[in-house]
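One structure is given below, encoded as structure tokens.
Protein chains: 2
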Amino acid sequence: MSLYSKRGVSAQKEDVHAATKNLDKGLYPKSFCKIYPDMLAGDPDWVNVMHADGAGTKSILAWLYWRESVPSGKETGDLSIWKAIAQDAIVMNLDDLLCVGIYDNLLFSSTIDRNKRVIPAEVLEAIITGSQEFFDKMKSFGVNIHYMGGETADVGDVVRTIAVNGTMTARWPKSKLITNEKIKKGDVIVGLASYGQSTYETEYNSGIASNGLTSARHDLLNKSYSSKFQESYDTSLDDELVYTGPYKLTENIQYSIFNTQYSTKVGKLLLSPTRTFAPVVKELLENHFDSIHGLIHCSGGGQTKCLKYVPDNVRIIKDNLFEPPIIFKMIQEASKADDREMYQVFNMGTRMEIYTNEKDADAIINVSKSFGVDAQVIGRVKESEKKELLIKRNALEIFF
Amino acid sequence: MSLYSKRGVSAQKEDVHAATKNLDKGLYPKSFCKIYPDMLAGDPDWVNVMHADGAGTKSILAWLYWRESVPSGKETGDLSIWKAIAQDAIVMNLDDLLCVGIYDNLLFSSTIDRNKRVIPAEVLEAIITGSQEFFDKMKSFGVNIHYMGGETADVGDVVRTIAVNGTMTARWPKSKLITNEKIKKGDVIVGLASYGQSTYETEYNSGIASNGLTSARHDLLNKSYSSKFQESYDTSLDDELVYTGPYKLTENIQYSIFNTQYSTKVGKLLLSPTRTFAPVVKELLENHFDSIHGLIHCSGGGQTKCLKYVPDNVRIIKDNLFEPPIIFKMIQEASKADDREMYQVFNMGTRMEIYTNEKDADAIINVSKSFGVDAQVIGRVKESEKKELLIKRNALEIFF
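Residue numbers (this note's numbering), protein chains in the order written: chain A, 81 to 480; chain B, 81 to 480.
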């Protein structure tokens, strides 16, 4: 049993798939989100989608960082970290919806469960303000998201700190959907980098996004958090699973990118807000729609996520993934996880896959790079008797 | 500071109102849910609503009951209790939407956060199956709710047991909205009972719904739960606030209604699923629309909820509320809460208010009774210099 399972998390979510197996699968079995007929307005040429997701346990990291970063003489820490959590809860929805081709005129409602004794009103305010600020920024790229309010419940006996979730609703024309049904042998896969600094980000993004954070938190942070912040974990976990790493969130680490040295706090890397690809994918969908055979967001399941959406008779070969950025190297070094597990849990530097014709790849890459989002052909789709995935990196070959 | 506040809950949710004060209030300031223009389809005669709510800490009671009711020789308890929680999460949304006049063609998405080490797959399955079964039952009354899927996250470091939330989306014609703007002096208030057994329920409903359950759980259940089920509460609470009551969930209690003796488990009373008024309100909206001046769901805030929605220049007099059913008497006896606090936190037997003309009250009452839902004129709207609420019961007068 992996550390990941012992901590009560599962990248493959077998339980959830079993529990939902009898639910309506929607109109397109391979689409990244479930797509239903247009029940809201009854137009046969349109569809409806409702999608829910959240910041997961990343909110715990925000809480720890906020508690630890209190300047002396003050009573509260840096509230801006909660704006990043707001962005996480939104982008985990938005970037899933991008994968079915939806990028505009979305409705968003938030669901926040908090322990009022631990999370004061000012934190709620930062999350709500942060949500609105993110929507304002997206609007400037033509990605319109309407904030419809939501529910905030005080449920301290259920929630140790805070759970920040959101739900999006969309109505969209059928002719503009991406259903992943066009993915076929011969396609190449353009990968968009999860890290770096895009033209619409104000600082370096570590690429961590909002998946695998239970593992990352325990594997990277040191034992001092275990006694000092009991609200931050399931206290019935074996002590050997809890905060087993070398770092403090407020500690600086050095790293180099292209021979340039950087220094940043561990907490900043872990709490880097989930990058949205919405400005990039919007332009791709508007100007290169026919080239796009499929879109896959490497969220839960990491680089193996594609196996749920590609046809049965293909082998996916990923032999040119991005070099994993520093945060994933730190996690792997601290957790001693093998490459197989790392690629199953984390995006490892590549977070959006665009399946396309070989001849169209360059144009797609150029659009992405024009937004400062690194992109390259990371792999291709081959004919195969059974569905499989091969990740090749240096001398390493991992089959899934 | 009340017990209620010390436990980190607030019936008035002052924090939340402060945090959301700058958000768009929608088209109608007094409407029970926020109502927005029809962004989804752009029709000026239609509107959009998105609404989020959940079962709150009632899920903890389900977990305790499920754990305690394991038959000897078996490994798991009665899973059906989880279907009631599914209904709670849905009805807390549905009955709020009824109050703006919406009762059909709804989209529902669930958001479930669980501790995988405490909540197994079979519980998720019961919740999801229970949701679908409730939708099937509503469909037979012409209340169509489409289950769009949702998100289930394994976040054991955030959630001790399970949080069951849901979000609904509706598109609705403006001409069929209830906005509470017609509430005026001279109106009478028809109250619908939260308890009893309607024609669409299979057993007695205690009337508890899904509000005030943190208090009710701690005030009613005895200290044995404190050591045996540490997953069921915030262990940093003062011991004097935790499970201070006389009962066990599996214990039978006797009570009489109209001189008939009944016997049931305490757990059954506390876990009675939130009754929906959808079949009743649908018929009222379809056949008595012009008589309905306002609709208020006495959820969080109990009998004082109306103060948020009535005009400024009225006094609401409630002098004929239903006799509180047994569950609220048990809670008050155990908690020693005064009547003022009880009416602020719980529905106390009356859970839906219909503001109407005096002459139309009988017709409305008859519709409700035809579904086996008790109804009566519980009060009226008087002119007043300042907005206030008077609850009169026997010799008691409470002003809010």
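Note that the Cβ used here is the ideal one computed from N, Cα and C, for glycine as well.
Subject >> Among B:G122, B:N173, B:K101, nearest to B:C113 - alpha-carbon criterion >> reply: B:N173
Subject >> Residue environment, B:Q334, which counts as buried when at least 16 other CB atoms sit within 10 Å >> reply: Around the C-beta of B:Q334, fewer than 16 other C-beta atoms lie within 10 Å, and the residue is accordingly described as exposed.
Original post:
Per DSSP, what kind of secondary structure is B:K472 in: helix, strand or coil?
Top reply: strand
Original post:
Nearest to A:T100 by CA position, among B:P405, B:A99, B:Q212, is which residue?
Top reply: B:Q212
Subject >> Opening and closing residue of the alpha helix (DSSP H) in which A:I170 lies >> reply: 160-178
Original post:
Does the Cβ of A:E465 have 16 or more other Cβ atoms within 10 Å, making it buried, or fewer, making it exposed?
Top reply: exposed
**OP:** With 8 Å as the threshold, decide whether the Cβ of B:N245 is near any Cβ in chain A.
**Re:** Yes, because at least one Cβ of chain A sits closer than 8 Å to the Cβ of B:N245.
Subject >> Nonlocal neighbours in the same chain, by C-beta distance under 6 Å from B:F426, ignoring five residues either side >> reply: Setting aside the 5 residues that flank it on each side, B:F426 is surrounded in the same chain by G292, G382, F408, each with a C-beta closer than 6 Å to its C-beta; the list follows chain order.
Original post:
Shorter than 8 Å from the beta carbon of B:D234 to some beta carbon of chain A?
Top reply: Interface residue (Cβ-Cβ distance to chain A less than 8 Å): B:D234 is classified as such.
Subject >> Cutoff 8 Å: A:G381 Cβ touching any chain B Cβ >> reply: no
Original post:
Considering only residues of the region 199-238 of chain B, which uninterrupted beta strand (DSSP E) runs meet the minimum length of 3 residues and lie entirely inside it, listed in chain order?
Top reply: 225-234
**OP:** Under 7 Å between beta-carbons, which chain B residues line up against A:G347? List them in chain order, please.
**Re:** Correct list: empty, because the minimum Cβ distance to chain B is about 17 Å.
Subject >> Selection of the region 246-260 of chain A by Cβ proximity to chain C, strictly under 7 Å >> reply: Among the chains of the structure shown, chain C does not appear; the protein chains present are A and B.
Subject >> Between the CA atoms of B:L141 and A:P353 - distance to the nearest angstrom >> reply: 36 Å
Original post:
Under a CB-based cut-off of 8 Å, is B:L204 close to chain A?
Top reply: yes
Original post:
Do B:I207 and B:A166 have their CB atoms nearer than 8 Å?
Top reply: yes
Original post:
Is the region 121-133 of chain A touching the region 252-271 of chain A, taking contact as three or more C-beta pairs under 8 Å?
Top reply: yes
Subject >> Local Cβ density within 10 Å of A:F188, reported as buried at 16 or more and exposed below that >> reply: Around the Cβ of A:F188, a 10 Å sphere holds 16 or more other Cβ atoms; the residue is buried.
Original post:
So, B:A243 versus A:D193, is the Cβ gap smaller than 8 Å?
Top reply: yes
Original post:
What is the residue span of the beta strand (DSSP E) that A:H368 lies within?
Top reply: Taken as a continuous stretch (DSSP letters only), A:H368 belongs to no beta strand (DSSP E), as it is neither H nor E.
Original post:
Given a threshold of 16 other Cβ atoms within 10 Å of its Cβ, counted over all protein chains shown, does A:D267 qualify as buried or as exposed?
Top reply: buried
**OP:** Could you list the residues in the region 293-316 of chain B with a C-beta less than 8 Å from some C-beta on chain A, going in chain order?
**Re:** T294, R297, Q310, E311, S312, Y313, D314, T315, S316
**OP:** Assign B:I182 to one of two classes, buried (16 or more other C-beta atoms within 10 Å of its C-beta) or exposed (fewer than that).
**Re:** buried
Original post:
Does the Cβ of A:Y342 have 16 or more other Cβ atoms within 10 Å, making it buried, or fewer, making it exposed?
Top reply: exposed
Original post:
From what residue to what residue does the beta strand (DSSP E) around B:S343 run?
Top reply: 340-345
Original post:
Among A:A296, A:V203, A:H368, A:N446, which has the Cα closest to the Cα of A:G157?
Top reply: A:V203
Original post:
Who pairs with A:H377 in a beta bridge, going by DSSP?
Top reply: A:M432
**OP:** Establish whether the CB of A:N128 and some CB of chain B are separated by less than 8 Å.
**Re:** Chain B contact via Cβ: present.
**OP:** Using a Cβ cut-off of 8 Å (strictly closer), state whether B:S82 contacts chain A.
**Re:** no
Original post:
Among the residues of its own chain, which have a CB less than 8 Å from the CB of A:N102, if the five just before and after it don't count?
Top reply: none
**OP:** Mind checking the region 212-239 of chain A against chain B and listing, in chain order, the residues whose C-beta falls within less than 9 Å of any C-beta there?
**Re:** So the list reads Q212, N224, H226, Y227, M228, G229, G230, E231, T232, A233, D234, V235, G236, D237, V238, V239, given in the order they occur along the chain.
**OP:** Take A:G136 and list the residues in its own chain whose beta-carbon comes closer than 7 Å to its own, dropping the five residues that flank it on each side.
**Re:** Apart from sequence neighbours up to five positions away, the residues of its chain that approach A:G136 with a beta-carbon distance below 7 Å are S290, L293, ordered along the chain.
Original post:
Where does the unbroken beta strand (DSSP E) through A:K398 begin, and where does it stop?
Top reply: 394-398
Original post:
Between B:D175 and B:R431, what straight-line distance do the alpha-carbon atoms span, to the nearest angstrom?
Top reply: 10 Å
**OP:** Please list the segments of the alpha helix (DSSP H) lying wholly inside the region 280-313 of chain B, counting only runs of 4 or more residues, in order along the chain.
**Re:** 293-300, 304-308
Original post:
So who's on the other strand from B:M505, going by DSSP bridges?
Top reply: This structure gives no information on residue 505 of chain B, because the portion of chain B shown stretches from 81 to 480.
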